[in-house]
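Protein chains in written order, with our numbering: chain A, 2 to 112; chain B, 14 to 123.
Each residue gets a CB set at the ideal place from its N, CA and C atoms; glycine is no exception.
All of these numbers come straight from a predicted model, not from anything done at the bench.
The structure appears below as structure tokens.
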């Protein structure tokens with residue numbers, strides 16, 4: 002089985018732009034979560050979706066949004082990018098809501 | 014607010030040494046504690062612990078949870094250079110989301 006796949010792997014954007022990150026979960030997994038990891042810190046929870054419904058939201062501004070599609074893939078959108086949004090964005094999938102498996106991440110650089 | 018503190022922040026050892034990584038936590042309605050290894054990008058799953066006092070073991074790695082004292086340890090015996098990585102501890106509480114610590118950067122020298 003393929004693991005969690007994320008695209009793109011790297012991305013450079015300018016301040017004020019918008020970005021969309023994509024994630025395909027492991028086959029059979031219905032839950033997708035998004036995390037932001039800045040250098041030197043552990044991943045920080047952004048969103049969790051289960052069966053296409055938002056089940057949790059971390060302490061992030063409304064510029065961050067996400068959705069989950071009928072095939073359980075997911076998108077994370079960030080509007081009005083700031084320099085501080087530069088980070089590794091990780092997607093994790095799980096069969097129900099536990100034991101998350103992570104993708105390789107998208108490295109976002111905002112200049 | 015759920016909180017996870019890992020120590021030490023970094024550790025440098027030589028091949029063959031044994032290391033112990035620490036994780037203490039505060040969480041509302043504890044469900045599980047997880048350990049991950051992060052080498053470049055994707056954290057890879059090591060262990061999930063839900064019960065106190067039961068050691069989980071995988072090769073040279075082992076972990077145990079103390080729910081009374083609210084901590085867990087990850088042991089690595091006979092370390093190898095391939096063990097060099099960031100080790101992350103996370104807890105899952107009532108919100109069903111993972112709260113991570115800052116990680117321990119382990120460097121194993123040949």
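| query | result |
| --- | --- |
| Does the segment 80-100 of chain B come close enough to the segment 3-15 of chain A that 3 or more CB-CB pairs lie under 8 Å? | no |
| Applying the criterion that 16 or more other CB atoms from any shown protein chain within 10 Å of the CB defines a buried residue, is residue 67 of chain A buried or exposed? | buried |
| Tell me whether residue 84 of chain A is buried or exposed, calling it buried when 16 or more other Cβ atoms sit within 10 Å of its Cβ. | exposed |
| Tell me which residues of the segment 52-77 of chain B have at least one Cβ-Cβ distance to chain A shorter than 7 Å, keeping chain order. | 54, 55, 56, 58 and 61 |
| CA-CA distance, residue 110 of chain A and residue 32 of chain A? | 27 Å |
| Please decide whether residue 49 of chain A counts as near chain B, where near means a Cβ-Cβ distance under 8 Å. | yes |
| Taking the beta carbon of residue 22 of chain B as the centre, do at least 16 other beta carbons fall within 10 Å, making it buried, or is it exposed? | exposed |
| Report the neighbours of residue 12 of chain A on chain B: residues whose CB is nearer than 9 Å to its CB, in chain order. | Correct list: empty, because the minimum Cβ distance to chain B is about 14 Å. |
| Relative to the C-alpha of residue 70 of chain A, which residue among A/80, A/8 and A/55 is closest? | A/55 |
| Using 8 Å as the threshold, is the C-beta distance between residue 37 of chain B and residue 18 of chain B below it? | yes |
| Give the DSSP-derived three-state secondary structure of residue 84 of chain A in the structure shown. | helix |
| Nearest by alpha-carbon distance to residue 108 of chain A: which of A/42, A/50 and A/8 is it? | A/8 |
| Spatial neighbours of residue 74 of chain B within its chain, please: CB distance less than 6 Å, with the 5 preceding and 5 following residues excluded, ordered by chain position. | 89 |
| For residue 112 of chain B and chain A, any beta-carbon pair shorter than 8 Å? | yes |
| So residue 11 of chain A is in the beta strand (DSSP E); what residue range does that whole segment cover? | 11-14 |
| Against chain A, with Cβ distances strictly below 8 Å, would residue 108 of chain B count as a contact? | yes |
| Would a check of beta-carbon distances place residue 101 of chain B closer than 8 Å to chain A? | yes |
| Can you check whether the C-beta of residue 28 of chain A is within less than 8 Å of a C-beta belonging to chain B? | no |
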